[in-house]
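Numbering (the numbering used here), first residue to last: 1 to 260.
Every residue gets a Cβ at the ideal spot worked out from N, C-alpha and C, and that includes glycine.
Given below as structure tokens:
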């Protein structure tokens, strides 16, 4: 997963486990993970999160490299004919299509925009429990970009945080972060699993896995209690409850880097 690669080719065959969606022409690129088609359909490029732009939100500061990500997507997609593929929930509460987007090739392979953006270091993998298709391929692309220090991976804003530095993680409360460390203790209580990364659970970084997520783990034949002692990378939104924590809602939020 972490092998370096300067660029990521994205043929259509790389992500084929999808339901066919509409075809259209991209008439507007809103930001690095959102486009509009000539039908008026707004498409959120599921599985990725590009650096965010204010987009009219008062007091919102653009994330580093947000404009660069948008410009890259403009160069790849604007005016191009694309097809959509659905891997889970198809529409969000804002009535945006939640789809993988492929630029139709002219006698060549179609280009999978999600993997292209992630592979260029202009987006991170960002998944949901109801949209989990093709994530392994996106993780591989992200690992290559991160290993090659491409795009956002040169900016400290997107650094992978160390789980044994809870004060630094706490400073990122309200942000989507990648945190890496060894699970000191995996415990189950009150119908949820806690992965503790330090001895002082009221201060140290913790991962919480609620009942609904545990059912997804079980459905995949996975036991999060077996992660005790493992070196992992977890991603999610940082909140504060007895120290910094991330709630894991589906297995793909946790990458196992080394067993105990």
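Next on the checklist: Going residue by residue through the region 70-98, where are the continuous alpha helix (DSSP H) segments of at least 4 residues, counting only ones entirely within it?
Outcome noted: DSSP runs (the alpha helix (DSSP H)) wholly in the region 70-98: none.
Checklist entry - Going by DSSP, what residues sit across from residue 124 in a beta bridge? => result Per the DSSP secondary-structure output, residue 124 pairs in a beta bridge with 49.
Checklist entry - Would you report the Cα separation of residue 160 and residue 181, rounded to the nearest angstrom? => result If I take the Cα positions, the gap works out to 10 Å.
Checklist entry - Bridge partners of residue 250, per DSSP? => result Residue 250 is not bridged by DSSP to any residue.
Item to check | Under the three-state DSSP convention, the category residue 102 falls into | outcome: Residue state, collapsed to three classes: strand.
Checklist entry - Can you tell which of 96, 238, 27 and 103 has the C-alpha that lies nearest to the C-alpha of residue 76? => result Ranking the options by Cα distance to residue 76, first place goes to 103.
Checklist entry - By how many angstroms is the C-alpha of residue 68 removed from the C-alpha of residue 114? => result Roughly 15 Å separates the two Cα atoms.
Item to check | Secondary structure of residue 132, DSSP reduced to three states | outcome: Here residue 132 sits in coil by DSSP.
Item to check | From 143, 198 and 193, residue whose alpha carbon lies closest to that of residue 215 | outcome: Per the Cα distances, 193.
Checklist entry - Just the Cα atoms here: how many angstroms apart are residue 12 and residue 100? => result Annotation note: pLDDT 44 at residue 12 (below 50); position unreliable, coordinate value reported separately. Rounded to whole angstroms, residue 12 to residue 100 spans 11 Å at the Cα level.
Next on the checklist: Looking at the secondary structure, which residues open and close the beta strand (DSSP E) in which residue 168 lies?
Outcome noted: No beta strand (DSSP E) holds residue 168; the alpha helix (DSSP H) holding it covers 166-170.
Item to check | Rounded C-alpha distance that separates residue 45 from residue 98 | outcome: In this structure, the straight-line span from the alpha carbon of residue 45 to that of residue 98 is close to 6 Å.
Item to check | Local conformation of residue 163 per DSSP, three classes | outcome: For residue 163, the secondary structure class from DSSP, reduced to helix, strand or coil, is coil.
Item to check | Whole-angstrom distance between residue 66 and residue 118, CA atom to CA atom | outcome: One C-alpha to the other measures close to 13 Å.
Item to check | Among 124, 151 and 247, nearest to residue 47 - alpha-carbon criterion | outcome: Closest by C-alpha distance to residue 47, out of 124, 151 and 247, is 124.
Checklist entry - Does DSSP classify residue 58 as helix, strand or coil? => result Coil, per DSSP.
Checklist entry - Between the region 228-240 and the region 168-183, do three or more beta carbon pairs fall short of 8 Å? => result Taking a cut-off of 8 Å on C-beta distances, the region 228-240 touches the region 168-183, as three or more cross pairs fall below it.
Checklist entry - When the distance is taken between beta carbons, is residue 37 closer than 8 Å to residue 24? => result Yes; because the gap between Cβ atoms is below 8 Å, this pair is in contact.
Checklist entry - Is it true that the region 87-98 meets the region 143-160, where meeting means three or more beta-carbon pairs spaced less than 8 Å apart? => result The region 87-98, when compared against the region 143-160, does not touch it at the 8 Å Cβ threshold.
Next on the checklist: residue 228 and residue 186 - do their beta-carbons sit closer together than 8 Å?
Outcome noted: Cβ distance < 8 Å, so residue 186 and residue 228 count as in contact.
Item to check | Within the region 219-243, ranges of the beta strand (DSSP E) (whole runs, at least 3 residues) | outcome: Listed in chain order, the complete beta strand (DSSP E) runs (minimum 3 residues) inside the region 219-243 are 231-240.
Item to check | Spatial neighbours of residue 152 in its chain, beta-carbon cut-off 6 Å, leaving aside the 5 residues before and after | outcome: Sequence-distant Cβ neighbours of residue 152 in its own chain, meaning closer than 6 Å and more than five residues away, are 65, 121 and 158.
Checklist entry - If we ignore side chains and look at the alpha-carbon of each, how far apart do residue 217 and residue 226 end up? => result Looking at the two C-alpha atoms, the distance is approximately 12 Å.
Item to check | Within 8 Å, strictly: CB atoms of residue 241 and residue 205 | outcome: With respect to residue 205, residue 241 sits apart: the two C-beta atoms are not nearer than 8 Å.
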